[in-house]
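Student:
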Amino acid sequence: DAEITQSPRHKITETGRQVTLACHQTWNHNNMFWYRQDLGHGLRLIHYSYGVQDTNKGEVSDGYSVSRSNTEDLPLTLESAASSQTSVYFCASSAYGVGSTDTQYFGPGTRLTVL
Amino acid sequence: GQNIDQPTEMTATEGAIVQINCTYQTSGFNGLFWYQQHAGEAPTFLSYNVLDGLEEKGRFSSFLSRSKGYSYLLLKELQMKDSASYLCAVGGRYGNKLVFGAGTILRVKS
Numbered sequence: 007d008a009e010i011t012q013s014p015r016h017k018i019t020e021t022g023r024q025v026t027l028a029c030h031q032t033w034n035h036n037n038m039f040w041y042r043q044d045l046g047h048g049l050r051l052i053h054y055s056y057g058v059q060d061t062n063k064g065e066v067s068d069g070y071s072v073s074r075s076n077t078e079d080l081p082l083t084l085e086s087a088a089s090s091q092t093s094v095y096f097c098a099s100s101a102y103g104v105g106s107t108d109t110q111y112f113g114p115g116t117r118l119t120v121l
Numbered sequence: 009g010q011n012i013d014q015p016t017e018m019t020a021t022e023g024a025i026v027q028i029n030c031t032y033q034t035s036g037f038n039g040l041f042w043y044q045q046h047a048g049e050a051p052t053f054l055s056y057n058v059l060d061g062l063e064e065k066g067r068f069s070s071f072l073s074r075s076k077g078y079s080y081l082l083l084k085e086l087q088m089k090d091s092a093s094y095l096c097a098v099g100g101r102y103g104n105k106l107v108f109g110a111g112t113i114l115r116v117k118s
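Chains A and B, in that order, are what the protein sequence lines are.
Taking our numbering, the leading residue of the first sequence gets 7, the next gets one more, and so forth.
Taking our numbering, the leading residue of the second sequence gets 9, the next gets one more, and so forth.
1. So the beta strand (DSSP E) SER42 (chain B) belongs to, where does it begin and stop?
2. Take ALA92 (chain B) as the anchor and find which of B:PHE37, B:ASN11, B:ASN38, B:TRP42 has the nearest alpha-carbon.
3. Taking C-alpha atoms, which residue in A:GLY115, A:THR109, A:THR21, A:TYR111 lies nearest to LEU82 (chain A)?
4. Pull the bridge partners of ALA92 (chain B) from the DSSP assignment, please.
5. If we ignore side chains and look at the alpha-carbon of each, how far apart do THR112 (chain B) and ALA47 (chain B) end up?
6. Which residues bound the beta strand (DSSP E) around ALA20 (chain B)?
7. State the Cα-Cα distance for the pair ILE52 (chain A) and SER118 (chain B), rounded to the nearest angstrom.
8. If we define contact as Cβ-Cβ less than 7 Å, is LEU45 (chain A) a contact residue for chain B?
9. May I ask you to verify whether the segment 63-75 of chain A touches the segment 22-32 of chain B, counting CB pairs closer than 8 Å and requiring at least 3?
10. Please state the DSSP three-state secondary structure of SER7 (chain B).
11. Please report the straight-line C-alpha distance between SER4 (chain A) and ASN76 (chain A), rounded to a whole angstrom.
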C-alpha cells in the first residue's frame, strides 16, 4: 500500500546543530508540505513543493530549508537548531497540481526537542 | 490573509450528538476540510465541502455556508474513541495550500 513515512520519529539535538528530518511518500503525489504543530497554534505551514525542483516558503519558514530532487522525498533541514524549533513536525502530500484543492495525507510526525 | 476560528474545547456524553463550529475569513476559497487527530498521532481526513450544504458520511456530517464563512462538523452517536482534536482547514485562492484552525479538543465522557 502507498504510504507516507517520516524519520526519525523522535529526535533530541542541541542548539546550533544542523538537523534534517526525512519525509518519503509512495503515493506518487506532486505536492508535499511540511508543518509544525505547537499547542495553541495548530498546524502551521513551513515549506511546500509542487513538484521536482520546486520549493516555496510557507508561513513560518525562517530557519528552515527544503529541497526536492525527486517526487518521493522532501527533507526538511534546520540550519542551526534553536529552542524555539522544539515542536512536532508533520509532512503531508497531495495529488494534484497548482490551483487544485486536494486532500492532504499526513505522515506520522517527528517529535523534535532542541536543548 | 486568512483567519479560522473554532472553539478550543468541548465535552459531550457518549451516545449524544455534538456540533463543532468553524468560521473563516479567507482571500479566495477552494474548499473546507475537517481532519481528526488523536493525541500523539497524525491528522486523518474526515470530510471535504466545496459547495453549500450538508455532506454525510456515516456518523459524521459536515455543513458549509460560503456566504457566511461558516462550517460545522456534526458527530452523532458519540463513542469514546471520538475523543480527539478536530481540525478545520481552508483551501484559499491557490487551492493546494491549506490554512488550519487551532483545532477543537473533544472529550467524550461516559
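Just so you know, even glycine gets a beta-carbon here, dropped at the ideal spot from N, CA and C.
Tutor: On the basis of the supplied data:
1. Translated into positions along the second sequence, residue 42 (chain B) becomes position 34. Checking the sequence, you will find Trp at residue 42 (chain B) rather than Ser. Per DSSP, TRP42 (chain B) belongs to the beta strand (DSSP E) from 40-45.
2. Taking the second sequence and counting its residues from 1, the one referred to as residue 92 (chain B) is at position 84. Ranking the options by Cα distance to ALA92 (chain B), first place goes to B:TRP42.
3. Counted from its first residue, the first sequence places residue 82 (chain A) at position 76. The candidate whose alpha carbon is nearest that of LEU82 (chain A) is A:GLY115.
4. Taking the second sequence and counting its residues from 1, the one referred to as residue 92 (chain B) is at position 84. Note: ALA92 (chain B) sits in a beta bridge opposite B:LEU114.
5. Counting from 1 along the second sequence, the entry for residue 112 (chain B) is found at position 104. Counting from 1 along the second sequence, the entry for residue 47 (chain B) is found at position 39. Approximately 12 Å, taken between the alpha carbons.
6. Counting from 1 along the second sequence, the entry for residue 20 (chain B) is found at position 12. It spans 17-21 - the beta strand (DSSP E) in which ALA20 (chain B) sits, taken as one unbroken run.
7. For the purposes of this step, residue 52 (chain A) is identified with residue 46 of the first sequence, where counting begins at 1. For the purposes of this step, residue 118 (chain B) is identified with residue 110 of the second sequence, where counting begins at 1. Taking the straight line joining both Cα atoms gives about 39 Å.
8. On the first sequence, residue 45 (chain A) is found 39 positions in, with the first residue counted as 1. Not an interface residue.
9. no
10. The structure shown does not extend to residue 7 (chain B), since chain B is modelled only from 9 to 118, so the question has no answer here.
11. Because chain A is modelled from 7 through 121, residue 4 (chain A) falls outside the range shown and cannot be assessed.
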